[in-house]
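Structure first, then comments.
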Amino acid sequence: MKKTRVLFSGISSNIGGVETFLLEYIRHMNRDVIQFDLLCNTPTPALEEEFVGLGVTIYKVSARSRNPLKSVREIEAFFRTHAGEYDVFWCNKCMLNNLDYLKYAKKYGIPVRVIHSHNSALMDTGIKGRLIQFLHEKGKKKIVSYATHFWACSDYAARWFYAKDVIASEQYCFIPNATDVEKFRFREDVRSVYREKLGLEKQFVVGHVGRFHMQKNHLFMVDIFAALNKKKPESVLMLIGQGELEQQVKEKVAGLGLTDVVRFMGVRKDVPALMQAMDCFLLPSLFEGLPVVAVEAQSSGLPCYLAENGTTRQTQITDRCYFLNLNNAPEVWADAIINGIGTRIDTYEQVCKAGFEINQASIRLQEKLIGMAQKEKTC
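In my numbering, the protein residues as written are 3 to 381.
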């Protein structure tokens, strides 16, 4: 049987939700029947070593933001040379401000062209933000001219990218941000080891995983923790990740006198174990598609506190996922966290039943990709 060949895009230089999502799905597919290659516009794609280890060939072109003319030339040259090698182009994006990949994928004949929405709002502000918003709205009208299939990680993400008639069509599909539930499954022995290792045996640990970007709302997160720490002095805030706002957050933490109880952990490869050490998970994002980290945290049996006006209710997989309004005072969030304290539970069955278990989800997506390619060949 000939392999279905899929070219995907959407990997940046930062390890984020999209990068994690793509790696997990590709890692759990049968590479005897489906081959993935990556097209990216960064010289240092996140998780490059892991993708290469899965047999992915990585092609790199110049970023449009650095050299627009060179970028377009290189993108067209790539598709002119390689388009005939692929059955499917799977384009993962957070905004529709640039459709160059899809344009040339269509021009040079890749038959199945998937656009996949991973966010629900604009990630930039100021003049740059207004320009990107304008281009996104134009792209939203044009996307039906270039893509053949329309995917999204949530209802919020779908509305951000597509018109109502597209969402109602047979070409639209919700693709869950599945994760390796077994890897994140609650384990008391791992929890004990890591809490001792980190000196957190007697602390109440509030955790967060995410890039230091305005989307994740770290400054409000620190306010919530400050209110919690006043009521529960043994509490500690564990922040996993890096980003452009990290120094600003550190300064706020210092200004509030919380330096000794806020842990800046950086980028870590042991996030599943660190989640075992946590007591709750905090994600007051201004906007999200459907956050992979919230799926991971729920897979760990953690009570999760999310922003109801920033995150879709589709994120609620377990009965310990709570939504609060961003307009509520930090003290309201702190009280909710205290009221939610309870015995840690194994949520494996709940997450699997909801369709977010990566082994089954990857089989469904693999069959979908192969089916789309075969259908196109028989038309």
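Cβ atoms here follow ideal geometry from the backbone N, Cα and C, with glycine treated the same way.
Taking a contact as a CB-CB distance under 8 Å, the pair residue 40 and residue 10 counts as one, their CB atoms being some 6 Å apart. For residue 117, the enclosing beta strand (DSSP E) has its first and last residue at 114-119. Secondary structure of residue 216 (DSSP, three-state): helix. The beta carbon of residue 332 is closer than 6 Å to those of 225, 226, 229 in its chain, skipping five residues each way along the sequence. Looking from the CA of residue 110, the closest CA among 79, 123, 120 belongs to 79.
For residue 72, same chain residues with a beta-carbon under 7 Å away, outside a window of 5 residues either side, are 64 in chain order. A straight line joining the alpha-carbon of residue 283 with that of residue 255 spans about 19 Å. Per DSSP, the unbroken alpha helix (DSSP H) holding residue 79 starts and ends at 70-84.
In this structure, the beta-carbon distance from residue 22 to residue 294 falls below 7 Å. Here residue 11 carries a strand assignment [DSSP, helix/strand/coil].
Partner residues in the beta bridge of residue 153, as assigned by DSSP, are 118, 175. Between residue 98 and residue 143, the gap from beta carbon to beta carbon reaches 7 Å or more.
Within the same chain, 114, 115 come within 6 Å of residue 150 by CB-CB distance, once the 5 residues on both sides are set aside.
Of all C-beta pairs linking the segment 341-350 to the segment 238-252, fewer than three are shorter than 8 Å, placing the two stretches out of contact. Looking at the DSSP output, residue 37 sits in a beta bridge with 7. For residue 312, the CB contacts under 8 Å within the same chain, skipping 5 residues up- and downstream, are 219, 286, 287, 288, 289, 290, 328 in chain order. Residue 341: member of the alpha helix (DSSP H) spanning 332-341, first to last residue. Spanning the alpha carbons of residue 124 and residue 139 requires a straight line of approximately 11 Å. In the three-state DSSP reduction, residue 277 falls in the helix class (H, G or I).
Per DSSP, residue 22 is one residue of the alpha helix (DSSP H) stretching across 19-29.
Counting only runs of 3+ residues, the beta strand (DSSP E) found wholly inside the segment 238-323 occupies 264-268, 282-285, 306-309, in chain order. Beta-carbon to beta-carbon, residue 354 and residue 183 are separated by about 6 Å, close enough to satisfy the 8 Å threshold.
Comparing alpha carbon positions, the residue from 83, 377, 296 closest to residue 308 is 296. Residues of the same chain with a CB within less than 6 Å of the CB of residue 266, apart from the 5 flanking positions on each side, are 241 in chain order. DSSP, read as helix, strand or coil, puts residue 196 in helix. Around the C-beta of residue 147, fewer than 16 other C-beta atoms lie within 10 Å, and the residue is accordingly described as exposed. Here the alpha carbons of residue 60 and residue 176 stand approximately 27 Å from one another. Taking every protein chain shown into account, the CB of residue 360 has 16 or more other CB atoms within 10 angstroms, so this residue is buried.
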